[in-house]
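Line order of the protein sequences matches chains A, B, C and D.
All residue numbers for the first sequence refer to the numbering used here, where the first residue is 3 and numbers rise by one.
All residue numbers for the second sequence refer to the numbering used here, where the first residue is 23 and numbers rise by one.
All residue numbers for the third sequence refer to the numbering used here, where the first residue is 24 and numbers rise by one.
All residue numbers for the fourth sequence refer to the numbering used here, where the first residue is -18 and numbers rise by one.
Glycine included, every Cβ here is placed at the ideal spot set by N, Cα and C.
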Amino acid sequence: MSNNKLTTDHHDDAPHITSYVEHFGTWISLILLTFMTVFISVFGADLNTLTVATALFIASVKALVVAYYFMHLKYDPKLYKIMMLVVMALFMVFLIMLTIDYLTR
Amino acid sequence: MNASNFVEGVDFSMYLILSISVFFLVGITVVMIYFLFRYSKKNNPVATNITHNTYLEVVWTIIPTILVLIMFWYGWTGYKPMLTAPDDAMEIDAIGQMWKWSFSYPDGKVSDSLVIPIDKPVKLNLISKDVLHSLFIPAFRVKQDVVPGKDYMMWFTGQKLGTYDILCAEYCGQLHSYMLSTVSVVEQENFDNWLVSSPDTSNDHPGLTLLKNNACLSCHTRDGSRLVGPSFKNLIGRTEIIVRDGNEEEIVVDNQYIINKIKVPSSVSVVGYPSGLMTPYGEILSDDDINNIIDYISTLK
Amino acid sequence: MTDSSVSQPNFFEVKKGLFSWIFSLDHKRIGLLYLYSVGSFFLVGAALGVLMRLELFNPGADLIEAKTYNQVFTLHGVIMIFLFIIPSIPAVFGNFFLPIMLGTDDVAFPRLNLLSWWLYVLGALFALSTLVFGDGPADTGWTFYAPYSVKTGTNVSMSVLAAFILGFSSILTGLNFIVTIHRLRAPGMGFNQMPLFAWALYATSWIQLLATPIIGITLLMIVAERMLGIGLFDPSIGGDPILYQHLFWIYSHPAVYIMALPAMGIVSEIIPTFAQRTIFGYKAIAYSSLAIAFVGYFVWGHHMFTSGMSGPAAYIFSILTFFVAIPTSIKVFNWLATMYKGSINVQVPLLYAVAFIFNFLIGGLTGLVVGALAADVHLHDTYFVVGHFHYVMFGGTGFAFFGALHYWYPKIWGKMYNKLIANIAFAILFIGFNTLYFPMLILGIKGMPRRYYDYLPEFHTLNQISTVGSWILIIGLLLMIFNLFKGYFSKQKAPANPWNGITLEWQTQSPPTLYNFDKAPELVEGGPYNYPNAMKG
Amino acid sequence: MEHSFVLPNSGHTYDAKASKLGMWLFLYTELLLFGGLFIVYMVYRSLNPDAFLMASLNLNVWMGTVNTVVLLTSSMTVAMSITAIQLGNSKLSLKLLLITVFAAVVFLVIKYFEWGAKIEHGLWPGMEHFGSLSHGEQLYFYLYFFMTGLHGLHVIVGMIFIVVVMNKIKKGSINKDKNQLLENSGLYWHLVDLIWIYLFPLFYLIH
Ligand code: HEA
Ligand code: HEA
Ligand code: CUA
Ligand SMILES: [Cu+2]
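Here it is, written out as structure tokens:
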């Protein structure tokens, strides 16, 4: 049925199956990152303004891991990566434009 | 001479763009209509497939680009001076509230209309007591929103004697279109005289003066008709249904109720009227003022 | 397929009865459901517009009270924006023709498509319920600016929820179209062989998808503040009303391109068909849609030049605003060049397309005036802006909508309207339109603010002219509608391809069969508009 | 469906890829829905940095951490359930989904206690103690309730989605060859997780 479809946007039809081990590994790394960010925030208070940056940085790494492995983005056709990138870029530009306004008021 | 120092910049950018616009509008329309006739089915039975022409396309990308950059430039240069007031500008507080402007001068004089000396930069500190307003003087080509909780300003120099309209340009509720005032540009000496003259103390009841000055009358009438809030006529002694702490109850309006209502309007709300519109006046009106108001209201029978 | 072969039952005939319509999964029926609902709301909104014009005929209070007037323009704006113009072309003609033009039998998710329509109906009910429930329709303007929208006693929550629901309806339509375009193009039809209407819808859909949620959440914040006391924009605790405006316009500016791009797509279909030659600059038109959609995201601040936004932000928004004008002007020049050396068959749809260009030029060029910082300080929130947006929305998108109606009418119903009456109606409509809105531009330059129930005496004459224009417009519009209805009941069948078009919808019978095609459609070689009867250029 | 003739590109045939593309597009709108709130958060936090810090001290970092772990674990189990079904093991897939739903419930229960504690301390808008907070702190709590509330709503929707999917697995309509719906529910669930990944540091870890 589905192989009737046009596949201009996708090349390979055999789905990639992620192994249990890989999922488990992903989970481990996410947990580690979580503890890291909590640790930095609770015990590393002297980092001051840097804490926001590190917390957000770690969160972004986590988000990337979730998207790439759990959400399978890594094995998906390029289109999905491009779309995700565009959406993120769009949102970043919103933030940047707003920052320009609020910083220069 | 222009009415204000900004007229030139604004008008230049406006009319420049309008002229370019008229040029393109007329040009494109004429060409379009010409094509409709010249290449009609009758005059040109066989069409020609022309897919593109790179040279032409580059030209008609670059020309508009240059033109819009010019437009931006004059828009900017006309706008930029509006952002910073000169240091020697005379500062006046311009207060917007539903639906009345008032202007408060440094030495305490408060007026419903703006009076300014000619050729002297004036800076208005824009204060809103409730919602968004926008102070708009078409003749001066200035406009700036008045935002509650923010202190924005606008400035200008009146350059031509005369009286001009002040309008509210940001929608602010029922009587938005009546939130009008005027600005008079006068000679310096007339201005000085005006500033020290005491407001014409007519034989108004002091309570009425207070009601007028605080814009109470833009929401409450004195003749029993309904505006935004309940009328003041026959207010004292009236039986009403109000909501207090979420419960409806029937009360008889007395002085204490009115004092409370004026100071903390959110504490009770009258059934059938929008709650939350009236702003607290506890810090604006002294107890004496409120007593004067009540005294006046009690005369409205 | 033309009617030479044994013709199959068309999609009207397969099933009958109300339920076969309101629960139909057929994209053509859903498109028509949208047409009827969108059309009805247009009339309601238009009647409100005429009511305002009547009130403004003379200064002072004549017909309605100030508060009612405020509710009327709010409802007018909400209906026209959310119930009429945003769904108009995509949901009606996009639904009906996108699959056919791509050579497929439906959109990718037919059930989701039906859900969109139901959400639309639900949202419409919410919006209109304010007439009956609570303290009447919102009186905030369609922009719902905080803090007034939080303070007023009118039924803002309901109107705002309506906009929220309608937003989701619009998102789902957009989502459906994107997937349809990615997955269901006819074999051999690459992106660059798609009709330009499909390109326009593609760009539009991305805006619907990525901008609408922002207004959704913003409006929810207003509801939360009104109902739960969660005061995110409340200035008395340091909330920032200007932040509300930012969020509102982050959606609502891109939204104006949701309104404009499909209309441009229509014009890009009509002109080559009636010029009987290939479109000039196919790629430029196709990609400029994407460019407009993309740059359009970053110019929202031009609605806020006088709001107290910072100077540097204002400069950036202003210059970006000007940059959006460039892809738009590229389109205009390409359309013009498409008429060059065509063999032009002047018919009603083409007249609407030409009127679109004229009106849209006025609208777009006045847009440039308000895009300039200095000029906008004077013109912001005046009738100049009202004139600007009616020119682009009504004169542009509205006229394109009427044009599409006349263009595809024979395909949808298999009938033809009276062409003479259609021409007369067009002429009246065009004259009425310009009489109605041109004076507004002058009023604005003279300084008359918008959302004014009452005005100063110096604005009297122009307001009267404008109101008279609205009467002319009524006549034209009623004549047009009458003519379309009459055509529907005429006995004569229209040929399957009356305009000699070559995009795929002209290959099927009129009205199309349930599954659109009963034989694989044949793509035109050398691009969708490569007219075989034209000379090589 | 009595097509006399079926187009090769028919919209009426099952198309896993279309369904996946559609799901992703929907996730983008969800991301931007929360995006609007993140914008508000960014602006108010940058305007009231100290008040946000003060207010965040009312939150229990450990509860937040536990909830993060719970959500991450549930994310892993849905991901694994997809692997299971792709390998043809519906039973295992169902079990893994059950764990996911269970984790979702745990998450909500913890959230319930957190909110309950806030309300007990009078930190709900309109309560007396709330009025005595500084403006910035009030904004913080408005945002806290609004954002975690909306997120909680998404958890509930995701749960329902997964339960529906479980039913279909039981009935066999989701199976080794046709499992896009399961994958979609997984994608949705990961999104819920993704948003929490940002909510957690933004509300709990301000120090
Ligand atoms: C269909 C809807 C639509 C479209 C397409 C547009 C298109 C544009 N709009 Fe408009 N606009 C609205 C709908 C629309 N607008 C609405 C509804 C409002 C008011 C909302 C409210 O407050 O209620 C508004 C308000 C509005 C404002 C805010 C005004 C104010 O409140 O102060 C501004 C300011 O910059 C603006 C600018 C523009 C510009 C630059 C374009 C450009 O995209 C136009 C580009 C087109 C052209 C330029 C014409 C073609 C060009 C040529 C033929 C070539 C020659 C050109 C050059 C030399 C460059 N618009
Ligand atoms: C697609 C969008 C669209 C369309 C088509 C229109 C169409 C019309 N609008 Fe529009 N208008 C808006 C969108 C639109 N409007 C928006 C967004 C606002 C801003 C709101 C706000 O400020 O918040 C606005 C604001 C607005 C104002 C400004 C109000 C103010 O600021 O105070 C005015 C004033 O004249 C006006 C008038 C009209 C008129 C006369 C029509 C007419 O052109 C309508 C055409 C229709 C007819 C001529 C009649 C058709 C025939 C019938 C209805 C049958 C007859 C009916 C009976 C017998 C019952 N509109
Ligand atoms: Cu004040 Cu409008
Ligand atoms: Cu805009």
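Check your understanding: Between the Cα of proline 462 of chain C and the Cα atoms of C:Arg76, C:Phe317 and C:Leu142, which residue gives the shortest distance?
Key -> C:Arg76
Review point. Can you find a CB in chain D that lies within less than 7 Å of the CB of valine 95 of chain A?
Key: no
Practice item. Find out if the Cβ-Cβ distance for the pair glycine 410 of chain C, tyrosine 338 of chain C is shorter than 7 Å. Key: No Cβ-Cβ contact shorter than 7 Å links glycine 410 of chain C with tyrosine 338 of chain C.
Check your understanding: Less than 7 Å separating the beta-carbons of threonine 81 of chain D and threonine 20 of chain A?
Key -> No. Outside cutoff.
Point to revise | Own chain partners of threonine 153 of chain C with C-beta closer than 7 Å, once the 5 adjacent residues on each side are dropped | key: Gly159, Pro160, Ala161, Asn178, Met181 and Ser182
Check your understanding: Are the Cβ atoms of glycine 16 of chain D and threonine 241 of chain C separated by less than 7 Å?
Key -> no
Check your understanding: Beta carbon of histidine -7 of chain D: closer than 6 Å to some heavy atom of ligand 3?
Key -> Checking every heavy atom of ligand 3 against the Cβ of histidine -7 of chain D, none is found closer than 6 Å.
Check your understanding: Helix, strand or coil: which one does DSSP assign to phenylalanine 178 of chain B?
Key -> Correct three-state label for phenylalanine 178 of chain B: strand.
Check your understanding: By Cβ distance, which residues of its chain are closer than 7 Å to phenylalanine 427 of chain C, with the 5 residues on each side in sequence left out?
Key -> Here the sequence assigns alanine to residue 427 of chain C, which means phenylalanine is not the residue at that position. Only Ile112, Phe116 and Ile289 meet the Cβ criterion.
Exercise for review: Sort C:Ile108, C:Ile230, C:Val101 and C:Ser139 by Cα distance to alanine 150 of chain C and report the nearest one.
Suggested key: C:Val101
**Study point:** Best match in C:Phe540, C:Val547 and C:Gly261 for proximity to serine 215 of chain D [C-alpha to C-alpha]
**Key:** This structure does not reach residue 215 of chain D, given that chain D is present from -18 up to 188, and the question cannot be answered.
**Study point:** phenylalanine 356 of chain C, buried or exposed, once every other Cβ within 10 Å from all chains shown has been counted against 16
**Key:** buried
Exercise for review: Tell me alanine 448 of chain C's beta-bridge partners as DSSP assigns them.
Suggested key: Paired residue(s): none; alanine 448 of chain C is not in a bridge.
Check your understanding: When you compare each of C:Gln94, C:Ile315, C:Trp140 and C:Leu500 to phenylalanine 449 of chain C by their alpha carbons, which one comes out closest?
Key -> Among C:Gln94, C:Ile315, C:Trp140 and C:Leu500, the Cα nearest to that of phenylalanine 449 of chain C is on C:Leu500.
Check your understanding: In chain C, what lies closer than 7 Å to valine 153 of chain B by C-beta?
Key -> Pro170, Tyr171 and Lys174
Point to revise | With 16 other Cβ atoms within 10 Å as the buried cut-off, status of glutamate 305 of chain B | key: exposed
Check your understanding: Residues near ligand 4, CB to any non-hydrogen atom under 6 Å, in chain order?
Key -> C:His276, C:Val279, C:His325 and C:His326
Check your understanding: With a cut-off of 7 Å, does the C-beta of valine 67 of chain C fall near any C-beta of chain B?
Key -> No, valine 67 of chain C does not count as interfacial toward chain B.
Review point. Taking 7 Å as the CB-CB cut-off, is lysine 7 of chain A touching chain D?
Key: At lysine 7 of chain A, the pLDDT of 42 sits below 50, so the modelled position is not reliable and the matter cannot be decided from this model.
Practice item. Leaving out five residues on either side along the sequence, give the residues of the same chain with a beta carbon under 8 Å from the beta carbon of isoleucine 265 of chain C. Key: Met327, Ser330, Gly331 and Met332
Review point. Using 7 Å as the limit for Cβ to Cβ distance, is glutamate -17 of chain D near chain A?
Key: Summary for glutamate -17 of chain D: the model assigns pLDDT 47, below 50, so the residue's position carries little reliability; its value from the coordinates is reported in the next sentence. It does not: the Cβ of glutamate -17 of chain D has no partner Cβ on chain A nearer than 7 Å.
Exercise for review: Report buried or exposed for serine 28 of chain C, applying the criterion of at least 16 other Cβ atoms within 10 angstroms of its Cβ.
Suggested key: Any reading at serine 28 of chain C needs caution, since the residue's pLDDT is 48, under 50, leaving its predicted position unreliable; the model's value is listed next. So serine 28 of chain C ends up on the exposed side.
Check your understanding: Within this structure, are the beta carbons of glutamine 119 of chain B and alanine 89 of chain C separated by less than 7 Å?
Key -> The answer is no: Cβ separation not under 7 Å.
Review point. If you count every other CB in all the chains shown that lies within 10 Å of the CB of isoleucine 72 of chain B, and 16 or more means buried, which is it?
Key: With 16 or more other Cβ atoms within 10 Å, it is buried.
Practice item. Count the other CB atoms, across all protein chains shown, that sit within 10 Å of the CB of glutamate -17 of chain D; report buried if there are 16 or more and exposed otherwise. Key: For glutamate -17 of chain D, the pLDDT reaches just 47, beneath the cut-off of 50, and the residue's location in the model is therefore unreliable, although a value from the coordinates is still provided. Classification for glutamate -17 of chain D: exposed.
Review point. Thinking C-beta only, is histidine 50 of chain C closer than 7 Å to glycine 72 of chain C?
Key: Histidine 50 of chain C sits away from glycine 72 of chain C, with the two beta carbons spaced by 7 Å or more.
Practice item. Flag valine 32 of chain B as yes if its beta-carbon sits less than 7 Å from any beta-carbon of chain C, otherwise no. Key: yes
Practice item. Keeping to the same chain, check which residues put their C-beta closer than 6 Å to that of alanine 36 of chain D; ignore five residues upstream and five downstream. Key: Glu118 and Tyr121
Point to revise | Distance cut 6 Å, beta-carbon to ligand 3 heavy atom: residue list by chain order | key: Result (chain order): B:Gly118, B:Trp121, B:His155, B:Cys190, B:Glu192, B:Tyr193, B:Cys194, B:His198 and B:Met201.
Check your understanding: Is the CB of glycine 139 of chain D under 7 Å away from at least one CB in chain C?
Key -> no
**Study point:** Candidates B:Leu146, B:Ile312 and B:Tyr186, of which the one nearest glycine 470 of chain C by Cα
**Key:** B:Tyr186
**Study point:** Beta-carbon proximity list for isoleucine 316 of chain B, same chain, < 7 Å, skipping 5 on both sides
**Key:** Asn277 and Ile280
Check your understanding: Name the residues in the region 337 to 348 of chain C whose C-beta lies less than 9 Å from a C-beta of chain B; which are they?
Key -> Ala337, Tyr338, Ser341, Ile342, Thr344, Phe345, Phe346 and Ala348
Check your understanding: So, is isoleucine 84 of chain B buried or exposed, given that buried needs 16 or more other C-beta atoms within 10 angstroms?
Key -> By the 10 Å Cβ count, isoleucine 84 of chain B comes out exposed.
Review point. Of all the alpha helix (DSSP H) runs that stay within the bounds of the region 247 to 300 of chain C, which reach a length of 4 or more residues?
Key: 264 to 298
Practice item. Could you tell me if the beta carbon of histidine 110 of chain D falls within a distance shorter than 6 Å of some heavy atom in ligand 1? Key: no
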